[in-house]
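Have a look at the structure below, then the notes.
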Amino acid sequence: SVGFPPGHPPMRTLLGVALSARGGRYGNLYLADRRDGRPFDERDEEVLVALAGAAGVAIENARLFEQVRDGAEQFQRLLLPELPAPRPFTVAGAYRPAAVPGRLGGDWYDALTLPDGTLVAVIGDVIGHDLRAAAGMSRIRNMLRALLYDRHEPPAEVLCRLDHMGRAMSDLPMTTACLVRIAPGPSGGDGWNIDWSTAGHPPPLVLDPAGGARQLGGEPGLPLGVDPDRPRPGHHRSLPPGAVLVLFTDGLVEHPRRSLDEGMAELVRLAEERVGLPPRRLCEELMEHHPGGPRQCHQHLLVAFVEGAAVAAVGEIE
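This is the structure:
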């Protein structure tokens, strides 16, 4: 037992082999003293070599799995936009990788200030959990940005044009989205006007500065890629100064042991308790305490604060 800690049991015989796989060396595997007291033989060595080989492959696979996970997470982070920070808007975003390692997703958020000074916020989900979904998400996001800059149209019209562009590119997967445009209210007013349209996506929440939160209603639209020729409903509402608009994906309210309505009611309650928080803090709180189930997917969250009003977007990649 020379070289072992004090008190280590004495060893009379020792058999050791290297732990290796695919040219990598990860340590050694040792056996000491057979129970029957006999010395180790060739059969023992064959068994130990087989065990060490299996262990080496398992270690190598674990290392490769970790590399895939880290690469997928880095790729997902590279796809996140650099959010704008022009006055009177302050935009904050948050992202958490899925608890399932290496799982890519097609969810995204974005916010941009248009030349006319209005703010546009969007959150969406390209169906799928692979590189195709992530690549499709990037293409759709870029097409949407181009449409928003090119035409000053309501969100419903923009989503309709995006849907027709997607049909021309037949390899794009089905996508859900919620698009919101925020503009100053009537001249001399201190409120804000919002126009929004959904494509298979939950409508936003509104947090009232006086307290209270509610989900906006309005007729939903079909996901992008289902029927581009069908008209898309659009909705309009005024926001009082200090109001907060929250966009979210269904992963924030879906739970295997709750109904969707129960999850929605819980999210409204959580948001109501956090009225008045700054954008970054609101992101962190809703991301941390949302009523959705275990984090099988990536989670995205976006909050934009406007002087006199605010906008937030919350989402989870499925």
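Numbering (my numbering) for the sequence shown: 868 to 1185.
Cβ atoms here follow ideal geometry from the backbone N, Cα and C, with glycine treated the same way.
From a predicted model like this one, the values you see are computed outputs, not experimental measurements.
Residue range of the unbroken beta strand (DSSP E) whose run includes A899: Within the sequence shown, the letter at position 32 stands for residue 899. First-last of the beta strand (DSSP E) with A899: G891 to A899.
According to DSSP, residues forming a beta bridge with V884: Position 17 of the sequence shown, counted from the first residue, corresponds to residue 884. Under DSSP, V884 takes part in a beta bridge, and its partners are L896.
Whole-number beta carbon distance between G1088 and A1110, since they are thought to touch under 8 Å: As a position in the sequence shown, residue 1110 is number 243, starting the count at 1. As a position in the sequence shown, residue 1088 is number 221, starting the count at 1. With 8 Å as the limit, A1110 and G1088 do not qualify as a contact, their Cβ atoms being about 24 Å apart.
Outcome for V1093 when other beta-carbon atoms lying within 10 angstroms are tallied against a minimum of 16: Here residue 1093 refers to the residue found at position 226 when the sequence shown is read from its first residue. Exposed: under 16 other Cβ atoms inside 10 Å.
Separation of V1073 from R1081, as counted between CA atoms: Along the sequence shown, read from residue 1 onward, the residue named residue 1081 stands at position 214. Along the sequence shown, read from residue 1 onward, the residue named residue 1073 stands at position 206. Cα-Cα distance, rounded: 5 Å.
Inside the stretch 970-1052 only - beta strand (DSSP E) runs reaching at least 3 residues: Correct list: 973-980, 986-993 and 1042-1051.
Bounding residues of the alpha helix (DSSP H) (the contiguous stretch that carries V1135): Working through the sequence shown from its first residue, we reach residue 1135 at position 268. It spans L1127 to E1140 - the alpha helix (DSSP H) in which V1135 sits, taken as one unbroken run.
Beta-bridge partners of R1104, as assigned by DSSP: For the purposes of this step, residue 1104 is taken as the residue at position 237 of the sequence shown. I1061.
Simplified DSSP assignment, three categories, for G1143: Here residue 1143 refers to the residue found at position 276 of the sequence shown. In this structure, G1143 counts as coil in the three-state DSSP scheme.
Closest residue to V916 among E927, L898, G904 and D903 (Cα-Cα distance): As a first step, residue 916 must be located in the sequence shown, where it is residue number 49. Per the Cα distances, L898.
Same chain, Cβ closer than 6 Å to H1031, neighbours up to 5 away in sequence not counted: Looking up residue 1031 in the sequence shown gives position 164. The residues are P1095.
C-alpha gap between G1143 and P1076, whole angstroms: For the purposes of this step, residue 1143 is taken as the residue at position 276 of the sequence shown. For the purposes of this step, residue 1076 is taken as the residue at position 209 of the sequence shown. Distance between the alpha carbons of G1143 and P1076 is about 7 Å.
CB contact below 8 Å: R901 versus chain C: Here chain C cannot be found, since the structure has a single protein chain.
Cβ-based neighbour list, L1127, same chain, cut-off 8 Å, excluding 5 preceding and 5 following: Stepping through the sequence shown from its first residue, residue 1127 is reached at position 260. Apart from sequence neighbours up to five positions away, the residues of its chain that approach L1127 with a beta-carbon distance below 8 Å are D1117, V1120 and E1121, ordered along the chain.
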